[in-house]
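Since the structure comes first, as structure tokens, the remarks are kept for the end.
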Amino acid sequence: MDVASRPLHSPLLFRCRRPQGSSLSHSLTFSSYGGPYSKKLPSWTSTSTSALSCFSCLSRKHTTLHWCCSSQEQFNTPYPHNKLFMRTKSFTRIVAQSDIAGAAITDTAADPPSEVSLLSKARGIGFYTVTAIVALLLILMMLVQHPLVILADQYRRKAHHLVASVWATITINPFFNIEFEGVENLPPSDTPAVYVSNHQSFLDIYTLLTLGRSFKFISKTAIFLYPIIGWAMSMLGTIPLKRMDSRSQLECLKRCIDLVNKGASVFFFPEGTRSKDGQLGAFKKGAFSIAAKTGVPVIPMTLMGTGGIMPPGKETILNTGSVKVVIHKPIRGTDAAALCDEARTVIAGPINQQS
């Protein structure tokens, strides 16, 4: 009996059996009928039209289908959706047994997704509550010390970076741990350098602020308009950038070169944006042209774990996990393209090993 010939309003029971050797089986009810099979896990409930679309995706050559129904007359009789709950005795059930479909279903012995989601949302609320309270307190300290910082340390602004590091550390500590590997590869704090790393999450900024080195971030101009965080970024000396504006990009590079020549360090995410799947994207050469022209070292770093804790595009949640930062040996050279390729290869190493 062909799948396409079944009425759209009849309920569909799709039973998946695991491969031979497993005693578990799963029943999936694709209807609004709350019968006994709908209690089994994992189960999804939708209209029979959606079920038919889902079922038709199965490869015929990989499945053995056995169809049964109560009668041809009942099979061809459509049932209005609003009477599905009243006419249970007349329901037509189509049962499909598949050996391959069960292999794609995993046991859900862990917390249900809804509970995990609620917990992650609660952790996210807690995270932003802590970061806001600490930021309100520390921004006052930055405002008070700002005139002295400009007079004594206009380019590096170490005092402001110390405040930012305290803010990031207090915010992070209740929620996840950070492990640093290769700290011995960091240059002295007074040595200018170009720091680069992969970009997985909004949490990368918090993580890098705890590194113990002061450097200037590059940020899109819209962030400077945010209260408190925009003020802090301005006092830290963060460099604004309009992404699709070639003039802004050129001005940013000139400012970075000037800061490096005056003893400050700069930080770049060479990918230019966060990775959505955790894989390393293509690198832009701007950061490496600065290193090539000024002769300062490039410090490649690999960030792992931040994307799992706060995935890109889901900044309202905070999952459990830990973060690891791998600090690689400095790279020097006068060819920006060669520096770019070498840095990307080095940064990709731990990511490839992890996957």
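Using UniProt numbering, the first residue of the sequence shown is number 1, and each one after it goes up by one.
Even for Gly, the Cβ is constructed at its ideal location relative to N, Cα and C.
Computed from a prediction, not measured in an experiment: that's the story for all the values here.
Backbone secondary structure at residue i - three-state DSSP
{"i": "L8", "result": "With a pLDDT of 44 at L8, under the threshold of 50, the modelled position of that residue is not reliable, and the figure given next carries that caveat. If DSSP states are grouped into helix, strand and coil, L8 belongs with coil."}
{"i": "M301", "result": "strand"}
{"i": "K220", "result": "strand"}
{"i": "I317", "result": "coil"}
{"i": "F127", "result": "helix"}
{"i": "F267", "result": "strand"}
{"i": "S189", "result": "coil"}
{"i": "F288", "result": "helix"}
{"i": "P227", "result": "coil"}
{"i": "L203", "result": "helix"}
{"i": "S197", "result": "strand"}
{"i": "V296", "result": "coil"}
{"i": "S322", "result": "strand"}
{"i": "P147", "result": "helix"}
{"i": "P240", "result": "strand"}
{"i": "N173", "result": "coil"}
{"i": "F180", "result": "strand"}
Proximity of residue i and residue j at Cβ, strictly below 8 Å
{"i": "E184", "j": "V325", "result": "no"}
{"i": "F288", "j": "C340", "result": "yes"}
{"i": "V130", "j": "V194", "result": "no"}
{"i": "residue 403", "j": "T171", "result": "No answer is possible for residue 403: it lies beyond the span of the chain, which begins at 1 and ends at 355."}
{"i": "T306", "j": "D204", "result": "yes"}
{"i": "K293", "j": "Y155", "result": "no"}
{"i": "N177", "j": "S322", "result": "yes"}
{"i": "I309", "j": "S201", "result": "yes"}
{"i": "P312", "j": "K276", "result": "yes"}
Spatial neighbours of residue i in its chain, beta-carbon cut-off 8 Å, leaving aside the 5 residues before and after
{"i": "L136", "result": "I228"}
Close-in-space but distant-in-sequence residues of the same chain around residue i (CB under 6 Å, 5 per side omitted)
{"i": "M235", "result": "M142, H146 and H160"}
{"i": "K158", "result": "S214"}
{"i": "I283", "result": "Per the sequence shown, the amino acid found at residue 283 is Phe instead of Ile. Hits under 6 Å: P270, C340 and R344."}
{"i": "C252", "result": "I239 and L241"}
Expected contact under 8 Å - CB spacing of residue i and residue j to nearest Å
{"i": "F175", "j": "F127", "result": "6 Å"}
{"i": "S197", "j": "L303", "result": "5 Å"}
{"i": "A338", "j": "L280", "result": "A338 to L280, Cβ: 18 Å. No contact."}
{"i": "K285", "j": "A336", "result": "5 Å"}
{"i": "S120", "j": "N352", "result": "The Cβ separation is near 28 Å, so there is no contact."}
{"i": "P192", "j": "V260", "result": "5 Å"}
{"i": "T210", "j": "S265", "result": "Contact doesn't hold; Cβ gap of about 16 Å is too wide."}
{"i": "V163", "j": "L138", "result": "5 Å"}
{"i": "E342", "j": "I331", "result": "6 Å"}
Sequence-distant residues of its chain with Cβ nearer than 7 Å to residue i (five each side left out)
{"i": "S22", "result": "With a pLDDT of 45 at S22, under the threshold of 50, the modelled position of this residue cannot be trusted, and the question is left open."}
{"i": "F269", "result": "S197 and H199"}
{"i": "K39", "result": "Confidence is the limiting factor: at K39 the pLDDT is only 38, short of 50, which leaves the residue's position unreliable and the question unanswerable from this model."}
{"i": "V346", "result": "P300 and H328"}
{"i": "G278", "result": "Q200 and G307"}
{"i": "Q354", "result": "M304"}
Nearest residue (CA-CA) to residue i, options the options
{"i": "L118", "options": "V266, I317, I351 and V346", "result": "I317"}
{"i": "M301", "options": "Q354, F267, L225 and I139", "result": "F267"}
{"i": "G212", "options": "S189, K329, K276 and P350", "result": "S189"}
{"i": "L140", "options": "W167, L151, S248 and G333", "result": "W167"}
{"i": "E271", "options": "V296, R157, T169 and R344", "result": "R344"}
{"i": "L208", "options": "A122, M233 and T169", "result": "T169"}
{"i": "G333", "options": "V144, I290 and Q354", "result": "I290"}
{"i": "V134", "options": "F217, A232 and A152", "result": "A232"}
{"i": "D245", "options": "T221, I125, A122 and G230", "result": "T221"}
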